[in-house]
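Protein chains in written order, with this note's numbering: chain D, 2 to 116; chain A, 1068 to 1179.
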């Protein structure tokens, strides 16, 4: 049973470009969380999605950031017009939706560098 | 004030030592308490979780929660060089989308 997959693992973008981060949950999981880890900081919640629904986006910046989890395919975190402050590691976690918060399994992360 | 406070370290101990890692929190609604281990350039992996108060032991690891003091701890006995990693505490409110609130992490180095 493959774990959570994220790609790309490393992404370099120039200021003003768009970044697309993908997360494929574990088999049988229909819930996805996105977290951001800035240098020397802990992970910060961004958004929680179920298939075709955004459940909680309270941690998402109001502008330039969006997320989706379509019926088919991976969840995508999109950052438009990236700025240097967006440089961070972005982790997704998938969950079966039962068992509580301990049932979040993290992917290896995508490290975004904005030059 | 952050919801969860954690000393970033680094903490350096000799092999075989007992390690104590701690977090304090301000939100009394937290009911789930977890400890994650994160190796460099990897995703966090769950080590221990506790629901509400009390102690939990798993091998060399013991997790403690003191809700009256809003304080949680992770103890590692007989520490090994392979335990060298960043340890993150995380908390969650029951029934609130299960989103995790993390501490900043404590970097641990166990030297032979």
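For each residue, glycine too, the CB sits at the ideal point set by N, CA and C. This one's a predicted model, so the numbers in the text were calculated from it and none came from an experiment.
Taking the straight line between their C-alpha atoms, what separation do you get for residue 1119 of chain A and residue 1139 of chain A? Translated into the one-based positions of the second chain, residue 1119 of chain A becomes position 52. Translated into the one-based positions of the second chain, residue 1139 of chain A becomes position 72. Rounded to whole angstroms, residue 1119 of chain A to residue 1139 of chain A spans 11 Å at the Cα level.
State the DSSP-derived secondary structure class of residue 1125 of chain A, mapped to helix, strand or coil. Start at 1 with the first residue of the second chain, and residue 1125 of chain A comes out as number 58. Here residue 1125 of chain A sits in strand by DSSP.
How would you label residue 43 of chain D, buried or exposed, when you count the other beta carbons within 10 angstroms and need 16 or more for buried? Here residue 43 of chain D corresponds to residue number 42 of the first chain, with the count starting at 1. That one is buried.
For residue 70 of chain D and residue 39 of chain D, which I take to be in contact (beta-carbon distance under 8 Å), what is that distance rounded to the nearest angstrom? The sequence position of residue 70 of chain D within the first chain is 69, counting from 1. The sequence position of residue 39 of chain D within the first chain is 38, counting from 1. About 24 Å separates the two Cβ atoms, so there is no contact after all.
In or out: residue 116 of chain D buried (at least 16 other Cβ within 10 Å) or exposed? What you label residue 116 of chain D is simply residue 115 of the first chain in a count that begins at 1. So residue 116 of chain D ends up on the exposed side.
Quick one: does residue 1129 of chain A have its CB under 9 Å from some CB of chain D? Numbered from its first residue, the second chain carries residue 1129 of chain A at position 62. No, residue 1129 of chain A does not count as interfacial toward chain D.
Where does the unbroken beta strand (DSSP E) through residue 1098 of chain A begin, and where does it stop? As a working note, residue 1098 of chain A is residue 31 in the second chain. Taken as a continuous stretch (DSSP letters only), the beta strand (DSSP E) holding residue 1098 of chain A covers 1097-1105.
Can you find a CB in chain A that lies within less than 9 Å of the CB of residue 33 of chain D? Taking the first chain and counting its residues from 1, the one referred to as residue 33 of chain D is at position 32. So, not an interface residue.
What residue range is occupied by the uninterrupted beta strand (DSSP E) comprising residue 11 of chain D? Against the first chain, residue 11 of chain D aligns to sequence position 10. 11-14 is the extent of the beta strand (DSSP E) around residue 11 of chain D.
Report the three-state DSSP secondary structure of residue 1149 of chain A (helix, strand or coil). Taking the second chain and counting its residues from 1, the one referred to as residue 1149 of chain A is at position 82. It is helical.
Could you have a look at residue 57 of chain D and say whether DSSP puts it in helix, strand or coil? What you label residue 57 of chain D is simply residue 56 of the first chain in a count that begins at 1. If DSSP states are grouped into helix, strand and coil, residue 57 of chain D belongs with the strands.
Of all the residues that make up the stretch 54-86 of chain D, which are near chain A by a beta-carbon distance shorter than 7 Å? 56, 57
Buried versus exposed, by CB contacts within 10 Å (16 or more), residue 1073 of chain A: Within the second chain, numbered from 1, the residue matching residue 1073 of chain A stands at position 6. Classification of residue 1073 of chain A: buried, given that the 10 Å Cβ count is 16 or more.
In chain order, what residues of the same chain lie with their CB nearer than 7 Å to the CB of residue 47 of chain D, ignoring the 5 residues before and after it? Counting from one through the first chain, the residue named residue 47 of chain D turns up at place 46. Once the five neighbours on either side are set aside, the close Cβ partners of residue 47 of chain D are 35, 36, 37, 60, 61.
For the ligand SAM, is there any heavy atom lying closer than 8 Å to the beta carbon of residue 1118 of chain A? This structure lacks the ligand SAM; in fact it carries no ligand of any kind.
Helix, strand or coil: which one does DSSP assign to residue 1133 of chain A? Taking the first residue of the second chain as 1, we reach residue 1133 of chain A at position 66. Here residue 1133 of chain A sits in strand by DSSP.
State whether the stretch 80-87 of chain D contacts the stretch 11-27 of chain D, with contact taken as three or more CB pairs (one from each stretch) at a distance under 8 Å. yes
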